[in-house]
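Here's the structure we're looking at; comments come further down.
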């Protein structure tokens with residue numbers, strides 16, 4: 185509340201206490217999109233419960249502490265929320281100035297993974313161990329810096345008022361900017377992240393108003409690329425196996441199709457209202473591999489049933505729907521492209537992650553935004569939320 | 006620029022954003038739809054799969070019930086062997102995966118530690134035998150031949166052998182009391198198939214892969230009752246198979262025991278007599294084929310007249326049922342199912358088919374009575390009979406002039422029946438049959454239960470056939486193409502027959518009816534059918550469903566349930582008519598075709614009234630089938646020998662010896678009650694003592710009595 189008794193709020197000099205500034209009608213806190221934040225926090229809380237359920241019996245992983253994963257997950261969430269607040273405090277315009285540096289730093293970090301400093305998990309060299317049980321997955325940050333970088337390049341001349349749409353040269357520059365980290369990620373190889381990156385590029389180009397030829401061309405190039413990678417046998421066997429198992433999980437239920445099959449049994453057996461938290465036999469019996477990370481949705485499906493699973497999908501829908509609103513309402517193309525990139529990222533990653541557990545998408549190692557265990561992913565999505573929030577906070581009030 | 010609107014937004018971007026939004030929302034909708042499909046539409050199926058995933062079953066086998074004879078003597082029971090097993094789940098919990106325990110165990114069992122470890126390992130594609138092929142949660146047998154000493158060592162030092170059990174386990178055994186095999190009647194067990202295991206997996210009584218189930222005979226008919234229900238302990242396990250908890254479990258319930266009406270002593274005599282009769286027949290010369298009789302198969306049934314209970318049932322060739330115990334070897338199985346051994350697995354009493362020959366004449370006599378002929382009328386017994394230029398011989402008899410139907414039965418005069426059947430055929434329209442022909446001779450056969458199962462409590466009984474008009478039509482339809490093809494260029498006799506069949510095979514011809522009346526031609530019957538019919542003649546007309554099962558005794562002797570005799574019809578005869586036929590059949594034994602086996606061979610006919618009918622059936626391309634059907638007040642004995650010669654000739658002495666043993670008659674006709682095996686049907690059930698044990702009345706003097714019955718048997722010759 186105001187500490188100066190003689191000034192009415194909004195009329196007096198702008199010397200307010202910190203609390204006053206936070207709670208003022210035009211303050212950042214007031215203008216935050218609380219619906220989006222609420223949905224995202226809701227997802228993270230549900231995620232914490234699911235991670236807890238999936239790991240409390242995993243004595244092989246949790247070092248005898250049933251809360252090991254839960255505390256870490258909640259800690260990540262707190263850090264994520266702080267990162268979001270930091271983004272809002274900084275404001276996306278200030279961040280825009282630092283994009284070249286952030287981009288360069290993230291690519292360097294990714295390259296570091298390929299050196300002996302990187303750690304290999306599940307056939308992917310995608311992690312950097314930081315010590316103390318913490319590790320970093322640079323590919324998550326690259327998603328943000330590529331969005332920012334592309335937005336900066338694509339919107340530079342449009343926002344300056346020079347052009348109505350990005351010209352071909354600008355588009356080419358933006359594509360080149362995205363291509364470099366995509367190649368690095370491909371070398372890890374983190375196929376799931378590569379797929380997300382391609383979709384992000386597509387989303388950014390679409391939203392930037394770039395010529396239809398670029399959009400269609402990119403789609404065609406993506407398809408041709410995928411087919412030739414398949415045809416030329418550039419994929420490792422396990423990657424092909426994942427695709428084969430997706431097409432027909434009954435093919436080899438104890439081998440390749442095991443993951444998909446067990447995931448589907450876990451979700452299917454949940455029924456309408458689920459078996460109850462901590463009561464899922466598939467979960468307590470550890471039948472689904474990677475259940476706290478990539479396959480966390482199966483815990484929801486089994487223990488919380490259709491109602492719980494649908495709630496997660498609805499909450500994700502709310503976050504994305506609010507992001508679309510922010511994209512539409514922003515006055516600068518830069519902000520629109522940033523928002524569109526985040527939308528493409530969240531939407532595709534959610535679809536791929538849940539889709540693979542439901543057997544309608546091939547298996548790819550991607551976390552479910554806000555829900556899956558994993559610090560880097562949690563930080564990255566909350567930074568993205570922070571970016572969206574700062575766009576909303578800094579838009580012209582009249583809009 | 007001026008064309009950029011105030012919001013800094015242009016149209017293309019707005020449209021594109023809307024497109025993105027629609028796309029994204031439809032993706033999420035797809036997820037929701039798929040989630041609904043998996044969880045709500047197909048949830049039940051996945052719930053089942055999830056349950057199968059995390060629950061592992063350990064099955065405790067139930068002890069199979071015994072099969073006892075009427076006196077409580079076991080004819081199929083279990084032998085106890087000491088089986089030492091290792092629980093893999095227990096062993097795997099140990100730091101060294103149970104290596105030390107298994108090595109100690111090997112020491113006690115005098116086996117090499119390597120062998121023991123190999124037996125306990127699980128089979129997979131790379132592991133050669135020995136290895137365990139069953140469920141890893143099931144105790145794995147290390148040996149089933151442990152001595153009591155070894156078992157005691159293991160049990161007393163339980164702390165040295167965690168996860169090891171030494172327990173007596175039941176193995177099926179057929180004791181064959183008094184030398185009776187009862188092979189085909191008992192049937193056999195064989196291991197369950199994967200298909201059967203899969204089918205019963207989720208029932209209350211699932212099969213173990215080591216389980217055996219009844220495949221034929223009594224073991225099959227009463228299988229579910231004998232088997233009891235195996236116990237199931239259900240463990241909840243995780244993905245690595247570690248036990249997390251125990252779910253709902255069921256205890257094993259041992260099977261019930263089956264008391265049969267078989268008297269093992271009579272069974273032994275019957276089997277032995279049948280075999281002897283066949284052996285003797287092989288020494289006889291057959292004038293028609295100019296070589297000795299082959300006597301390649303035979304069957305005999307001893308049945309109680311008032312209940313239809315089977316006291317003995319023999320079929321030859323036979324086998325030792327113990328050959329199936331512990332798994333039959335491939336070589337032995339091929340032998341048992343092969344043509345060379347003449348299919349010993351067949352129970353010819355219920356599965357052997359042949360024309361009945363003259364034993365069919367009780368049916369023809371009944372048919373003649375129904376057609377309005379008088380029993381005591383005069384019927385010309387000529388030495389041969391002409392129909393449409395074809396001569397039919399009086400096979401078993403000779404010309405006797407005008408005689409009654411009773412006398413025609415006694416001397417088995419074919420021509421009397423030829424004439425009766427031919428006249429009926431003419432009445433029914435002859436070659437241009439009436440719309441609704443009376444067909445007394447065929448209808449009567451159906452009324453006697455021919456062409457249908459007797460409903461004996463054994464599996465795979467065959468129906469036989471009555472070659473009536475409908476059958477002729479069906480048979481012609483099925484075969485006319487082949488016949489007509491063969492008839493195109495008729496050369497041989499067979500071709501000519503084929504031509505006739507091609508043109509008029511669907512018709513009931515005069516010759517068919519004439520031949521049929523003496524049990525020749527296309528009629529096929531089983532011994533059990535004939536036993537059922539003759540015991541019905543004996544008991545006043547009731548056709549019983551033959552039974553071998555007499556009672557069931559629940560585990561621990563608690564519930565005793567008698568299996569009540571049932572009937573499937575009445576003979577179409579009035580009391581007076583039945584009495585006349587009955588006394589004519591007694592006449593057969595006294596002065597007719599069977600007199601040389603009974604009346605003229607010292608049988609005490611005044612004390613134990615014997616009735617008989619002989620039959621000698623022609624078989625195309627083979628030697629004659631011997632039929633002998635007989636009955637007293639209490640028992641019916643039927644014997645048949647394929648390619649064995651005449652009825653009373655081949656089967657006569659054997660049937661006489663069976664009666665001798667039953668009633669304690671010796672060859673001179675003296676009755677010694679003490680040496681009688683079963684002068685009256687055994688109505689009692691075996692007693693159960695207070696401990697639940699079934700008392701068995703073992704007959705220690707059996708050998709002596711059986712010897713008395715057979716000693717000095719009159720040597721049978723051809724004829725009758």
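Protein chains in written order, with the numbering used here: chain S, 185 to 583; chain E, 6 to 725.
We treat Cβ as the ideally placed atom computed from N, Cα and C, and that holds for glycine.
Q: Determine which residues of the stretch 555–576 of chain S have a Cβ less than 8 Å from any Cβ of chain E, and write them out in chain order.
A: Contact annotation: in the stretch 555–576 of chain S, no residue has its CB less than 8 Å from a CB in chain E.
Quick one, which residues of the stretch 54–70 of chain E are near chain S if we go by CB-CB under 7 Å, in chain order?
-> If you check each beta-carbon in the stretch 54–70 of chain E against every beta-carbon of chain S, the ones closer than 7 Å belong to 54, 55, 58 and 59.
Original post:
In whole angstroms, what is the alpha-carbon distance linking residue 566 of chain S and residue 391 of chain S?
Top reply: Distance between the alpha carbons of residue 566 of chain S and residue 391 of chain S: 22 Å.
Going by Cα to Cα distance, which pick from E:321, E:311 and E:243 is closest to residue 278 of chain E? Closest by alpha carbon: E:321.
message = Give me, in chain order, the residues of the same chain whose beta-carbon lies closer than 6 Å to that of residue 574 of chain S; leave out the 5 immediate sequence neighbours on both sides.
response = Counting only residues of its own chain and dropping the five nearest sequence neighbours on each side, residue 574 of chain S has a CB closer than 6 Å to the CB of 271, 272, 275 and 276.
| From the beta carbon of residue 113 of chain E, is the nearest beta carbon of chain S less than 8 Å away? | With respect to chain S, the C-beta atom of residue 113 of chain E has no partner C-beta closer than 8 Å.
CB contact check: residue 240 of chain E to chain S, cutoff 8 Å: So no, residue 240 of chain E is outside the interface.
Next item on the list: Compare the beta carbon distance of residue 553 of chain E and residue 574 of chain E with 8 Å and say whether it is the shorter of the two.
Entry: No, Cβ-Cβ distance for residue 553 of chain E and residue 574 of chain E is not below 8 Å.
Check: DSSP beta-bridge partners for residue 644 of chain E?
Finding: Beta bridge pairing from DSSP links residue 644 of chain E with E:305 and E:633.
Quick check on the burial criterion: 16 or more other C-beta atoms within 10 angstroms. Buried or exposed for residue 436 of chain E? That one is exposed.
For this session: Could you check which residue in S:346, S:252, S:400 and S:452 has the C-alpha nearest to that of residue 49 of chain E?
Result: Of S:346, S:252, S:400 and S:452, the residue nearest in Cα terms is S:452.
If contact is defined by three or more beta carbon pairs under 8 Å, each pair taking one atom from either stretch, is the stretch 509–522 of chain E in contact with the stretch 234–248 of chain E?
With the cut-off at 8 Å, the stretch 234–248 of chain E and the stretch 509–522 of chain E do not touch.
Using a Cβ-Cβ cut-off of 8 Å (strictly less than) and excluding sequence neighbours within five positions of residue 299 of chain S, which residues of its own chain qualify? The beta carbon of residue 299 of chain S is closer than 8 Å to none in its chain, skipping five residues each way along the sequence.
Taking the alpha-carbon of residue 84 of chain E as reference, which of E:93, E:75, E:71 and E:90 has the nearest alpha-carbon?
Nearest C-alpha to residue 84 of chain E: E:71.
Can you tell me the Cα-Cα spacing of residue 501 of chain E and residue 603 of chain E, whole angstroms? For residue 501 of chain E and residue 603 of chain E, the distance between alpha carbons rounds to 45 Å.
I'd like the list of long-range same chain contacts for residue 453 of chain E, defined as Cβ closer than 7 Å, with 5 residues on each side in sequence excluded. Closer than 7 Å at Cβ, skipping near neighbours: 368, 538 and 576.
* Using a Cβ-Cβ cut-off of less than 9 Å, give me the residues of the stretch 525–546 of chain S that come near chain E, in sequence order. => The residues in question are 527, 528, 530, 531, 532, 534, 535, 538, 539, 542, 543 and 544.
Against residue 243 of chain E, what residues of chain S qualify as contacts under a CB-to-CB distance less than 8 Å, listed in chain order? Residues of chain S passing the Cβ test: 468, 469, 470 and 471.
ask   = Per DSSP, residue 84 of chain E forms a beta bridge with which residues?
value = E:176.
Do residue 310 of chain S and residue 297 of chain S have their beta-carbon atoms positioned less than 8 Å apart in this structure?
Taking 8 Å as the Cβ cut-off, residue 297 of chain S and residue 310 of chain S qualify as a contacting pair.
- With 16 as the cutoff for other CB atoms within 10 Å, does residue 402 of chain E come out buried or exposed? Label assigned to residue 402 of chain E: buried.
For residue 275 of chain E, which residues of its own chain have a beta-carbon under 7 Å away from its beta-carbon, when the five flanking residues on both sides are left out?
The answer, listed in chain order, is 305, 307, 317, 319 and 663.
Cα separation between residue 391 of chain E and residue 366 of chain E?
For residue 391 of chain E and residue 366 of chain E, the distance between alpha carbons rounds to 20 Å.
I'd like to know if residue 520 of chain S contacts chain E, where contact means its C-beta is closer than 8 Å to some C-beta of that chain. So yes, residue 520 of chain S belongs to the interface.
Inset, instruction - Figure out for me which residue from E:44, E:41 and E:227 has the closest Cα to the Cα of residue 463 of chain E. - result: With distances taken between Cα atoms, residue 463 of chain E lies closest to E:227.
Cβ shell of residue 466 of chain S (< 8 Å), same chain only, five flanking positions each side left out:
Excluding residues within five positions, the ones whose Cβ falls inside 8 Å are 446, 449, 450, 453, 472, 482 and 486.
Quiz item: Quick one: does residue 51 of chain E have its CB under 8 Å from some CB of chain S?
Solution: Interface residue, yes.
Taking only three categories from DSSP, how would you classify residue 485 of chain S?
Looking at residue 485 of chain S - three-state DSSP - the assignment turns out to be helix.
* Asked: What are the complete alpha helix (DSSP H) segments, minimum 4 residues, inside the stretch 273–302 of chain S?
  -> Counting only runs of 4 or more residues that sit fully inside the stretch 273–302 of chain S, the alpha helix (DSSP H) segments are 276–298, in chain order.
request  = From the DSSP output, in three-state form, read off residue 203 of chain S for me.
outcome  = Of the three classes helix, strand and coil, the one that applies to residue 203 of chain S here is helix, per DSSP.
Whose Cβ in chain E lies nearer than 8 Å to the Cβ of residue 508 of chain S? Going along chain E in sequence order, the residues near residue 508 of chain S (Cβ under 8 Å) are 22, 25, 26 and 29.
Quiz item: Between residue 498 of chain S and residue 540 of chain S, what straight-line distance do the alpha-carbon atoms span, to the nearest angstrom?
Solution: If I take the Cα positions, the gap works out to 18 Å.
Query raised in the report: Going along chain S, which residues have a C-beta under 8 Å from residue 44 of chain E?
Result: Within chain S, the residues near residue 44 of chain E are 451, 452, 454, 455, 456, 485, 489, 490 and 493.
Can you list the beta strand (DSSP E) stretches of 3 or more residues lying completely in the stretch 46–114 of chain E, in chain order?
-> Counting whole runs of 3 or more residues, the stretch 46–114 of chain E contains the beta strand (DSSP E) stretches 60–65 and 79–91.
Review point. What residue does the alpha helix (DSSP H) around residue 370 of chain E start on, and which one ends it?
Key: That run of the alpha helix (DSSP H) goes 366–375.
**Item:** As assigned by DSSP and simplified to three states, the class of residue 387 of chain S
**Value:** Correct three-state label for residue 387 of chain S: helix.
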